[in-house]
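Participant: Structure in structure tokens, see below.
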Amino acid sequence: MLHCGRYERIGIRHRASQTLYLSGLIDTINNRNPRYRKLQVALCSSIIQDLLERHELATAPMKTAGSKRPATKEPAGAHNPKRRKTSPEHTASEKPLENSGSYGKITKALGRKTLGLVSLRYGPYCSPTPASFIRIGSSCAPSLQPKPPRVQKLKAKYQTHEYFTLMLGPPLGDGATGIVHPAALEIQVKDDRGMISTLKRNDLVVKLAFEEEQKTRMQHEFTVYAHLAKKNVTGVPIVHGLFNDPDSGTLALLMDNVGQNLREREEERTGEKFPKQVSTTKEERRAFVAVMKSIHKAGIKHMDIRADNLVIHPATGKVAIIDFDRAKFPAENMGFYDVEMECLKDLLHGRFTPDSYW
């Protein structure tokens, strides 16, 4: 199997003719007929069937022209197919990374890195080599404002302390802008004495955009986040940069995981799928309204207020508003924010009526 993280080819060797047959290019995300999971089940079934047939041939008695004599018994496992040994690194990487290092130190170090190596490791996905993502947008972290580190030119070679690695987990969801994955970060930092330390975070998310329309939306969303960061707006995700994979053209937006959206929380509370209304506390309502006021004060209109885009962190209780791919800038808004604020308040009070605010 030849795999690059998203696309793959399956090779099958015909032993009688010593011929290798390769499949067409398989899109692991968009493949529909058959779907990728069904294809993998068929592949695993073929491997098991091949193993059983070879085992039957290997254990069958040898036939001779004269008297029959049983085949010499071979040591157990002599005919078992060879398996690639799993390195300790691969085994450890499937376990969630524990946070190590201060938040500020990691944020500062991450904002200065130009290269990120991104791998998939969940379910049937296991990237043999990571994809290289190059920074094309500076960090929007508040601690790095108003002058975030400039995007550095790409180099031919990088040492281990000059890039960061991301291990992506199963998708959290997908939408018009792309697919969102949880991400575990590992980054090495070199101090003034030349000592290298490893820092880790497991509370990040990466949004990947593959199609041209998704990329356009993501670039616009990053521009909005950068604008909000310059205006010192809180209550929105901290974005650590926009990155591009030069091989596939995929864009990646790296940001903090700010928690669970109100729709998901309501589903857990009531057991109802896709609840029409959500419930919030008085403190939560005040916090969301305060965030929206600061966004409007910065001259941004969100344009997509719904329960999926209102988030509360389960551990800290902090609220955030996410997904600014449809947001509009000051020149387009002309200061009319009352309708959007009314939409937010109706949603928080359980009287939300979709498609009646725009």
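So the sequence shown is residues 1 to 358, counted in full-length UniProt numbering.
C-beta atoms are modelled at their ideal positions from N, C-alpha and C, and glycine is treated no differently.
Everything numeric in this text was worked out from a predicted model, so none of it was measured.
With respect to the alpha helix (DSSP H) encompassing residue 270, which residues constitute its N-terminal and C-terminal limits?
Facilitator: Unbroken alpha helix (DSSP H) run through residue 270: 262-270.
Participant: Taking all protein chains shown into account, decide if residue 301 is buried (16 or more other Cβ within 10 angstroms of its Cβ) or exposed.
Facilitator: Label assigned to residue 301: buried.
Participant: From the DSSP output, read off the bridge partner residues of residue 111.
Facilitator: Paired residues: none, contrary to the question.
Participant: Near residue 224, which residues of its chain fall below 7 Å by C-beta distance, leaving aside the five closest residues on each side in sequence?
Facilitator: Result list for residue 224: 300, 324 and 327, in chain order.
Participant: By alpha-carbon positions, which one of 269, 30 and 113 ends up nearest to residue 188?
Facilitator: When only C-alpha atoms are compared, the closest one is 113.
Participant: Is there contact here, the segment 193-201 with the segment 260-272, by at least three beta-carbon pairs under 8 Å?
Facilitator: Counting Cβ pairs under 8 Å, fewer than three are found: no touch.
Participant: I need the DSSP call for residue 308, collapsed to helix, strand or coil.
Facilitator: Helix, per DSSP.
Participant: Can you tell me whether DSSP reads residue 49 as helix, strand or coil?
Facilitator: In the structure shown, residue 49 sits in a helix (DSSP, three-state: H, G or I).
Participant: Could you round the C-beta distance between residue 354 and residue 238 to whole angstroms and report it? I think they count as a contact, below 8 Å.
Facilitator: Actually they are not in contact, since the Cβ atoms of residue 354 and residue 238 sit about 29 Å apart, beyond 8 Å.
Participant: Pull up the distance between the alpha-carbon of residue 139 and that of residue 210, whole angstroms please.
Facilitator: Taking the straight line from one Cα to the other gives about 21 Å.
Participant: Please report the distance separating the alpha-carbon of residue 308 from that of residue 247.
Facilitator: The straight-line gap from Cα to Cα measures roughly 32 Å.
Participant: Just list the residues that DSSP pairs residue 206 with in beta bridges.
Facilitator: Residue 206 is bridged to 181 and 254.
Participant: Report the option in 18, 194, 116 and 166 whose CA atom is closest to the CA atom of residue 158.
Facilitator: Answer by Cα proximity: 116.
Participant: Thinking C-beta only, is residue 170 closer than 8 Å to residue 122?
Facilitator: Their beta carbons are under 8 Å apart, which means residue 122 touches residue 170 by this criterion.
Participant: Who are the Cβ neighbours of residue 79 in its own chain at under 6 Å, not counting the five residues just before and after it?
Facilitator: Any reading at residue 79 must be qualified, since the residue scores a pLDDT of 42, below 50, and its modelled position is unreliable; no value is offered.
Participant: Within the continuous alpha helix (DSSP H) that includes residue 349, where are the two ends?
Facilitator: Neither: residue 349 is in no alpha helix (DSSP H) and is coded neither H nor E.
Participant: For the candidate residues 181, 277, 259 and 243, whose alpha-carbon lies nearest to that of residue 345?
Facilitator: Among 181, 277, 259 and 243, the Cα nearest to that of residue 345 is on 277.
Participant: Leaving out the 5 sequence neighbours to the left and right, which residues in its chain are closer than 6 Å to residue 229 when beta-carbon positions are compared?
Facilitator: Cβ neighbours of residue 229 beyond the five flanking positions: 140 and 145.
Participant: Expressed to the nearest angstrom, what Euclidean distance is found between the alpha-carbon atoms of residue 5 and residue 342?
Facilitator: When rounded, the distance between both Cα atoms is 44 Å.
Participant: May I ask which residues mark the beginning and end of the alpha helix (DSSP H) holding residue 222?
Facilitator: Note, residue 222: alpha helix (DSSP H), 212-230.
Participant: Go through its chain and collect everything with a Cβ distance to residue 260's Cβ below 7 Å, but skip five positions before and after it.
Facilitator: So the qualifying residues of the chain are 311, 312 and 314.
Participant: Just the Cα atoms here: how many angstroms apart are residue 130 and residue 106?
Facilitator: Cα to Cα, residue 130 sits roughly 21 Å from residue 106.
Participant: How far does the alpha helix (DSSP H) with residue 285 in it reach, from first residue to last?
Facilitator: 282-297 is the span of the alpha helix (DSSP H), which, as asked, contains residue 285.
Participant: From 243, 251, 124 and 256, pick the residue whose C-alpha is nearest to that of residue 381; which is it?
Facilitator: Nothing in the structure corresponds to residue 381, since the chain is present only between 1 and 358.
Participant: Suppose you measure from the CA of residue 182 to the CA of residue 292; what does that come to, to the nearest Å?
Facilitator: Near 26 Å, if we compare the C-alpha coordinates of residue 292 and residue 182.
Participant: In the DSSP output, which residue or residues are listed as bridge partners for residue 239?
Facilitator: According to DSSP, residue 239 bridges with 255.
Participant: So what's residue 343 in DSSP terms, helix, strand or just coil?
Facilitator: Of the three classes helix, strand and coil, the one that applies to residue 343 here is helix, per DSSP.
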